[in-house]
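A short worksheet on the structure shown next.
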Amino acid sequence: MRKAIALFAVLFVAVVTGACTDDTGDAPESNILETQQQALERARGVEQDVADAAKRQAEEIERAEGGR
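All residue numbers for the sequence shown refer to my numbering, where the first residue is 138 and numbers rise by one.
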């Protein structure tokens, strides 16, 4: 009888533990990494736009000053 109770307890714990596993842990992380990658690409684009605008502004200032 004790063996049956022990076996039942072990099986119960195994089933309960198995039922509580979370297989979706990887999906949100990869989504977060993809979102971060997209944000970095947009930031690089904005950085290039700012650099281009600064270059144009410097050229305009130089032309306005007479090319010193």
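The beta-carbon is built from N, C-alpha and C at its ideal position, and this holds for glycine as well. Source: prediction; values computed, not measured.
- Message: Rounded to whole angstroms, what is the Cα-Cα separation between GLU196 and GLU202?
- Response: 10 Å
- Helix, strand or coil at GLY182 [DSSP, three-state]: helix
- Rounded C-alpha distance that separates ALA191 from ALA180: 16 Å
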